[in-house]
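Below: the structure, in structure tokens.
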RNA sequence: GGUGCCGUGCCCAAGUGGCCCAAGGGGACGGUCUGCAAAACCGUUAUUCGGCGGUUCGAAUCCGCCCGGCACCUCCA
């Protein structure tokens, strides 16, 4: 454990403060995962990337991290309360949608989107959590929690379900800066449920014997409320009090507020000592939504030819505490920067291979840049500065690339290894079974291109530059770019972005 | 109505009281290299931080008001 301090903004106290752990050097961390009713979009991943960077930074200063991130596969309602009998949760609604027709049942749908999610997760170099619990696999714990809350007088049963009584938890609203008074005033004119004592009361269990996913409980057939799963699973795997809890900004209220109420009512202890929330990602300056047609998924961008690490780079290029605007331009900027890391990586590999004698000319400089990058991350995850420092390191390496000594190359490799551990932007870290569903859309005939390159080189030898340039121009129009290098002419597929 | 957030160069985006006449990336322009390009490398590109007041020896940074944008208030990462 080093003497470095990891400072993060805390939503509860509204200030940047050191991240303290109950057990010295061991971070217990819970991050709310996705509801697997559809493909996750890049905004979801921005939030998961924040959690990922917390872990990488904590590890970089020698902390152990126990990281739990759930999969919500039941109970996430499209509306908290519904008057009509057709009230569905997100999973059920997805099944009855057009995309849902391909699935035999809601369980298959959940499994499909969970697999897709985990695939995207790995492509974006997100670290795997120690535990990835599912709501459907913690039914007993949720039912027990609901029963206990009733016994303690924090919850009550009605004909439609079991509800948490927010009046029994006076500090309800403290995370979002609300008071119960204000919340009462702010409640929208939604359908009123006569059975609830307060409209702000939220469901722990919904009774519904028609629901596609239902379990038997002391309250009859039904399913758990969305907020309960996180309380139960966080406690099971991390204990009564977490060191850190993370999620997207929309979860501050009501989700995390409700988690706090349930958990603290159950244990009598603080639920989490530190809360972080990632601001929303905008796309082309607008909120991402299906109706605006800017609902970007990882696989959509991959099909357009984006490198998954460039998506990662673009998503972490702004600090998590501010909204970030994701644009085609920011993605292509990221692709260019990613290239620099890849070239640096290739350069140091070549330098080590070549084994040139000489002093290490870059090690000290790189060491300093790494320290600056790490310090930036420790300062409330300042990814913008950390990436700037990391990039400066590639300049140091590439400047020296031509005649790099083996000693310099060793330093370069060490630098890139550490930068990759910290930011995950140099190399893919997961072995992916390469089912090539994400191949770029540009189809290429390699033999033909090689032939055209040969023709062009002959034209160049004959000093027929008009023909040579025409060949290059024609290929460029097809999306193939030629580059003359000391090792000969190479071609690359230009990005469709 | 309640609760929060943001406004920095042509674009993206750090910086939140002196180290800032403001990182980094893109773009543009100039240079090296090249048959010419591309790529790469080198350099230039904000006396200024939405507006107006105020606090201070000192403000992009703190306070007030105004203008503009966004989020949450029981669907959302």
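Numbering (our numbering), first residue to last: -15 to 481.
Just so you know, even glycine gets a beta-carbon here, dropped at the ideal spot from N, CA and C.
Bear in mind the structure is a predicted one, so any value in this text is a computation, not a measurement.
Hey, how far is the Cα of residue 197 from the Cα of residue 9? 41 Å
Using a Cβ-Cβ cut-off of 8 Å (strictly less than) and excluding sequence neighbours within five positions of residue 433, which residues of its own chain qualify? 459, 464, 475
What does the alpha-carbon distance come out to for the pair residue 247 and residue 56? 18 Å
Range of the contiguous beta strand (DSSP E) that encloses residue 297: From DSSP, residue 297 is part of no beta strand (DSSP E) but of the alpha helix (DSSP H) over 292 to 299.
For the putative contact between residue 212 and residue 136, defined by C-beta atoms under 8 Å, what is the C-beta separation to the nearest angstrom? With 8 Å as the limit, residue 212 and residue 136 do not qualify as a contact, their Cβ atoms being about 15 Å apart.
Could you tell me the alpha carbon to alpha carbon distance between residue 328 and residue 3, rounded to whole angstroms? 34 Å
Inter-residue spacing [alpha-carbon to alpha-carbon] between residue 369 and residue 215: 35 Å
Residue 454 lies in the alpha helix (DSSP H); which residues open and close that run? 449 to 461
Mark residue 343 as exposed unless 16 or more other C-beta atoms lie within 10 angstroms of its C-beta, in which case mark it buried. exposed
Could you give the distance in angstroms between the alpha-carbon of residue 78 and the alpha-carbon of residue 0? 39 Å
For the 8 Å Cβ check, are there 3 or more pairs between the segment 220 to 228 and the segment 37 to 57? yes
Closest to residue 121 by C-alpha separation, out of 58, 468, 151, would be which residue? 58
Return the bridge partner residues of residue 32 from the DSSP annotation. Residue 32 is not bridged to any residue.
Give a yes or no on whether the C-beta atoms belonging to residue 218 and residue 153 are separated by under 9 Å. no
Considering only DSSP beta bridges, list what residue 363 is partnered with. -9
Between the alpha carbons of residue 331 and residue 97, how many angstroms are there, rounded? 39 Å
Please report the Cβ distance between residue 100 and residue 189, rounded to the nearest whole angstrom; I am assuming they are in contact, meaning their Cβ atoms lie under 8 Å. Actually they do not touch by this definition, with Cβ atoms about 29 Å apart.
Scan the segment 331 to 398 and note each continuous alpha helix (DSSP H) run of 4 residues or more that stays entirely inside, going in chain order. 347 to 362, 367 to 383
Go ahead and pull the three-state DSSP assignment for residue 431. helix
DSSP bridge partner residues for residue 405 (one or two, in chain order): DSSP output for residue 405 lists no bridge partner at all.
Own chain, CB closer than 6 Å to residue 293, minus 5 neighbours either side, in chain order: 322, 409
Do residue 108 and residue 33 have their C-beta atoms within less than 9 Å of each other? yes
Should residue 259 be labelled buried (16 or more other beta-carbon atoms within 10 Å of its own) or exposed? buried
The beta strand (DSSP E) that contains residue 187, what's its start and end? 186 to 191
Stretch pair the segment 361 to 376 + the segment 296 to 310: three plus CB contacts closer than 8 Å: yes
Please go through the same chain and pick out, in chain order, the residues whose beta-carbon is closer than 7 Å to the beta-carbon of residue 113, but skip the five residues on each side of it. 51, 52, 53
Rounded Cβ spacing between residue 264 and residue 233 (contact assumed at less than 8 Å): 6 Å
At which residues does the beta strand (DSSP E) containing residue 111 begin and terminate? Per DSSP, residue 111 belongs to no beta strand (DSSP E) and is neither H nor E.
Around the C-beta of residue 337, are 16 or more other C-beta atoms found within 10 angstroms, so that it is buried, or is it exposed? exposed
With the cut-off set at 9 Å, would you say residue 407 and residue 357 are in Cβ contact? yes
Have a look at residue 466 and residue 446 and give me their C-alpha separation to the nearest angstrom. 19 Å
I believe residue 279 touches residue 25 by the beta-carbon criterion, under 8 Å. Please report the beta-carbon distance rounded to the nearest angstrom. 6 Å
Work out the CA separation of residue 224 and residue 253 for me, nearest whole Å. 7 Å
DSSP three-state call for residue 159: helix, strand or coil? coil
Exposure label - residue 238; buried when at least 16 CB within 10 Å: buried
In three-state DSSP terms, what is residue 212? helix
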